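What follows is a single structure, written as structure tokens, with notes after it.
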Amino acid sequence: MEPCELKRADDKDFLKLLFEKYPQMKKMEKLVKGFKNLFKTKKDGTLKTWIEEVFESDCGLNNFAKNLLKDYDAVNNAVITNISNGQVEGQVNRIKTIKRKMYGKAGFQLLRKMVLAKSA
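Residue numbers (my numbering): 3 to 122.
Shown next, in the form of structure tokens:
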């Protein structure tokens, strides 16, 4: 966040002092904004570049970057595509909620009917 984006003058002053006293914080802010922008630009290869910048900067994001490298393909796919499993997760949550409500009341056949009735 740039100090001008903040609403209160106290927050602006605090960030200004923080960035002056600890230049690493300014670098970290830039890297965090860069990570957020990866998901907006959706370009292949930008994640690798961002991770290299983190390792060169020597700020507190090195462990985060190492963990991204462990599952690089999955993270990179999340960066470059618009595909989400949110719909599937929502359906799973809905089915589990129905199952919890019916716990101990009836068998699988009634659960099946409840799930199918709710989805229609």
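Virtual Cβ for every residue (Gly too), placed ideally from N, Cα, C.
Please read all numbers here as calculations on a predicted model, not as lab measurements.
Would you mind stating whether residue i and residue j have Cβ atoms separated by less than 7 Å?
i      : j      : result
Val-77 : Leu-70 : yes
Leu-40 : Thr-51 : no
Lys-23 : Cys-61 : no
Leu-17 : Leu-63 : no
If we ignore side chains and look at the alpha-carbon of each, how far apart do residue i and residue j end up?
i       : j       : result
Lys-98  : Thr-83  : 28 Å
Leu-113 : Lys-14  : 56 Å
Asn-132 : Asp-73  : Residue 132 cannot be examined here, being either before or after the span of the chain that is shown, 3 to 122.
Lys-38  : Gln-26  : 18 Å
Lys-107 : Val-94  : 20 Å
Gly-92  : Ile-85  : 15 Å
Asn-2   : Met-104 : For the chain, the structure presents residues 3 to 122; residue 2 sits outside this window and is missing.
Phe-57  : Lys-42  : 22 Å
Glu-31  : Lys-44  : 20 Å
Val-90  : Arg-10  : 41 Å
Going by C-alpha to C-alpha distance, which of the options sits closest to residue i?
i       : options                          : result
Lys-101 : Val-34, Val-117, Glu-91, Val-90  : Val-117
Ala-119 : Lys-107, Arg-96, Phe-66          : Arg-96
Asp-46  : Asn-79, Leu-113, Ser-59, Gln-111 : Asn-79
Glu-54  : Lys-42, Thr-43, Lys-68, Val-94   : Lys-68
Exercise. Where are the alpha helix (DSSP H) runs, 4 residues long or more, that stay fully inside the segment 19-89, in chain order?
Worked result: 25-43, 48-59, 64-72, 74-82
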